[in-house]
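What the sequence shown shows, in my numbering, is residues 367 to 883, in sequence order.
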Amino acid sequence: MFSPTRVARLAASRIQQAQPLRLAVIGSGPSGFYAASRMLDSFDPSYGTGSDGVEVHMYERLPTPFGLVRYGVAPDHPEVKNVEHKFDKVARDPRFRFFGNVRVTGGPAPPLAHDPCAAIALDQLAPHYTQVLFAYGASEARHLDVPGSDGALDNVYAALDFVEWYNGHPDAHAPGAPAAALASVRGEDMRRIAVVGAGNVALDVARILLKQCATSPASLSLAKTDMPEPVVACLSTWQLEDVNLYVRRGPAHVAFTNKELREMLTLTNVAFRPVDRPLLQAAQATVRESTDAGTKRAKTRLLAQLEKGSKTPWDATPTTPRWGLSFFRAPAALLGSQTLERVQWNKTHIDAAGRAQPTDDTETTQEDHLISSVGYRSTPLAGHGAVSVPFDAKRSVISNTRNRITDETGRVCPGLFVSGWLATGPVGVIVSTMVDAYGVADEIRRECAEGAATLCASVGHAEAVPGIPAALEHAHRKVVSFDDWLQIDRAEQERGKPLGKPREKFLSVDAMLRVVE
Ligand code: FAD
Ligand code: NAP
């Protein structure tokens, strides 16, 4: 993988272009912003927006930029959010414009209930841009797909909903949203929580729960982060005793990483249930056989951490909140009438291809709540129009070859690019997303330099129509500029001051818009 310094050096290599470049970026997460940054950096700013220049317009469905940096990254990891400073700088470039509170659709689509944002179809965008970069991420949860997981049972959530709730995402705080029910859960009904999955999101969820619960002596440690006040108040009433992560494979196959595991094992007064010795020994043998030196080193360290266990001993006191990893367990059915009561698990074994397969053996546990953390997924843009974007439903990504969007026959679609989780699937951290975005920016630049067909040409315009699509000028909803966002940002910071927090987020789009209307 490239190091950030090496990538920065590569940014200096410039390609000559043959026509003006007008790029629309859909989505303002790391992939959109890093691509915009690389694109603007690769042109001499003195060219401005003229015939040999570049313009980047970014469309974002929320009034707030930065995607998962604002609504995914955990509140107790503020240092990760520092990338926002870099994105702020990009947004200050006169060749860049931000259009917040604008949802891009694939074509005329039925309006979403209570959707507070403006909508613009790809057909309306296309004449204005030489290229479009799709960077709208993965904003749905992957389904568990077992009986009882269809939404009929209370107390069952997707990690995506829980994460958005503790990060103050307006969708999660809208009336009727799945996570909104969390606000009325009684503390004593929150003792035992099952988390399905063993990725870094599952660890984020477990850590936030264990840090903030009423039974943790460190409770209220999140009160000085940007976690919204109503969420802090709610979490701190929960009387958590046990958070169990159910893992369908073994200790050698967990997806979480060393740093995140270390943080869990050193939580103040939180005990970790020791992993069975034979399980660890089998995992160590598996890792020893690994031919990839990097994986071998990382996994060896991870298993050593699991073997060492938590700073707080497991038998510290009976009231210490605990967490554990239940290996070789895959959910078979979520049971209960209206509310979750029990979970039936298939015990699993690993087949020759390394996949978890159910055995004939099952186990049933009692759980108060279940959070399913089995990954995110991207979806196609709603509606269909003349400009269509082929979607690979099997992989839940926009079909692409090295970030260039391809049709059903594998042919490249001129002017259409994809980056970030929408291109790769929902894996990777901000740095890997940056590397991917830099690569796509170079591809876009190359297409222009070669004078290849562009998006506007494919809808009958020799050159991109300057200005912004008329649909935006006549939108019945407020279109949020970057300056508007800075006003919302300042208002949030002001609200945070008396609470000693970096900000107190607005929990609805309407509340954000009231700041700028
Ligand atoms: P996103 O960040 O999801 O951005 C997509 C943007 O598109 C969003 O703003 C969305 O609102 C917008 N959008 C969606 N649909 C539309 C539409 N129709 N029209 C207009 N806009 C639209 N990585 C780390 O390095 N460190 C961490 O600590 C870390 N924590 C994480 C925690 C969680 C819970 C998750 C899920 C991920 C975490 N990651 C972390 C990974 C990191 O967040 C991703 O690698 C990165 O955000 C992917 O960027 P993206 O731009 O592809 O997508
Ligand atoms: P992930 O890393 O892909 O983990 C998903 C987990 O769910 C895996 O343990 C997987 O098991 C399991 N799983 C999938 N389908 C399942 C099913 N049907 N039944 C049971 N278990 C199932 O995804 P993630 O945790 O959502 O994280 C997404 C990305 O964001 C990752 O790259 C992650 O590193 C990154 N992230 C980083 C940070 C950080 O840097 N601090 C924080 C959060 C997220 P299998 O392995 O068996 O498939």
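Ideal Cβ placement from N, Cα and C applies to all residues, glycine included.
Self-check item: Terminal residues of the beta strand (DSSP E) in which V391 lies
Solution: 387–392
Self-check item: Extent of the continuous beta strand (DSSP E) run through I559
Solution: 558–562
Exercise. Check whether the Cβ atoms of P756 and D734 sit closer than 7 Å, and answer yes or no.
Key: no
Self-check item: Buried or exposed (CB count within 10 angstroms, at least 16 for buried), S369
Solution: The pLDDT assigned to S369 is 33, lower than 50, so where the model puts this residue is not dependable; a value taken from the coordinates is nonetheless given after this. Looking at its Cβ environment, which holds fewer than 16 other Cβ atoms inside 10 Å, S369 is exposed.
Quiz prompt | Neighbourhood of Q671 by C-beta distance below 8 Å, restricted to the same chain and skipping five residues each side | solution = N624, L627, R628, L631
Quiz item: Which partner residues of M424 appear in the DSSP bridge assignment?
Solution: V391, F464
Quiz item: What do you reckon, are the CB atoms on E886 and K871 nearer than 7 Å?
Solution: Residue coverage of the chain in this structure runs from 367 to 883, which leaves residue 886 outside it and unanswerable.
Practice problem: Evaluate A390 with the Cβ neighbour count: other Cβ atoms within 10 Å of its Cβ, from every protein chain shown; 16 or more gives buried, anything less gives exposed. | Solution: buried
Quiz prompt | Per-residue burial, D727 [other beta carbons within 10 Å of its own, 16 or more giving buried] | solution = exposed
Quiz item: Nearest-angstrom Cα distance between C814 and W604?
Solution: 56 Å
Self-check item: the region 605–625 touching the region 681–694, judged by at least three CB pairs closer than 8 Å
Solution: yes
Self-check item: Extent of the continuous beta strand (DSSP E) to which H840 belongs
Solution: That residue, H840, is in no beta strand (DSSP E); it is neither H nor E in DSSP.
Quiz item: If we ignore side chains and look at the alpha-carbon of each, how far apart do L852 and F465 end up?
Solution: 13 Å
Quiz item: Relative to the alpha-carbon of V806, which residue among V522, V435, S785, H539 has its alpha-carbon at the smallest distance?
Solution: S785
Quiz item: Quick one: any contact between the region 528–541 and the region 450–468, if contact means 3 or more CB pairs under 8 Å?
Solution: no
Quiz item: From T634 to A682, what distance separates their C-alpha atoms?
Solution: 12 Å
Practice problem: Tell me whether A599 sits in a helix, a strand or coil according to DSSP, three-state version. | Solution: helix
Exercise. Could you work out which residue in K863, S408, L646 is closest to D592 when comparing CA atoms only?
Key: K863
Quiz item: By how many angstroms is the C-alpha of S824 removed from the C-alpha of A830?
Solution: 11 Å
Quiz prompt | ligand 2 heavy atom lying under 6 Å from the CB of E626 | solution = yes
Quiz item: Would you say E421 reaches chain C, if we count a Cβ-Cβ gap shorter than 7 Å as a contact?
Solution: This model lacks chain C altogether, as it is built from one protein chain only.
Exercise. Report, in whole angstroms, the separation of the C-beta atoms of E426 and S394, which I expect to be a contact under 8 Å.
Key: 4 Å
Quiz item: So, using beta-carbon positions, are V753 and D481 closer together than 7 Å?
Solution: no
Practice problem: For R614, verify whether its CB is less than 6 Å away from any heavy atom of ligand 2. | Solution: yes
Self-check item: Limits of the beta strand (DSSP E) - the one that G690 falls within
Solution: 688–692
Exercise. Report yes if the CB atom of G553 is closer than 7 Å to the CB atom of A580, and no otherwise.
Key: yes
Quiz item: Is N910 near ligand 2, judged by its Cβ being under 6 Å from some heavy atom?
Solution: A query on residue 910 cannot be resolved here, the shown segment of the chain reaching from 367 to 883 and no further.
Quiz item: What does a CB cutoff of less than 8 Å around R375 pick up in its chain, not counting 5 residues either side in sequence?
Solution: With a pLDDT of 35 at R375, under the threshold of 50, the modelled position of this residue cannot be trusted; read the value that follows with caution. Cβ neighbours of R375 beyond the five flanking positions: none.
Exercise. List the endpoints of the continuous alpha helix (DSSP H) containing Y804.
Key: 796–815
Exercise. Give the secondary structure of G398 by DSSP, where H, G and I count as helix, E and B as strand, and everything else as coil.
Key: helix
Quiz item: On the premise that L519 lies in contact with L700, defined as a C-beta separation below 8 Å, what is that separation, rounded to the nearest angstrom?
Solution: 6 Å
Quiz item: What are the start and end residues of the alpha helix (DSSP H) that includes G660?
Solution: 659–674
Quiz item: Is A696 near ligand 2, going by C-beta to nearest heavy atom under 6 Å?
Solution: yes
Quiz item: Can you list, in chain order, the residues of its chain whose CB lies under 8 Å from that of V845, leaving out five sequence neighbours each side?
Solution: F465, G466, N467, V468, A484, L838
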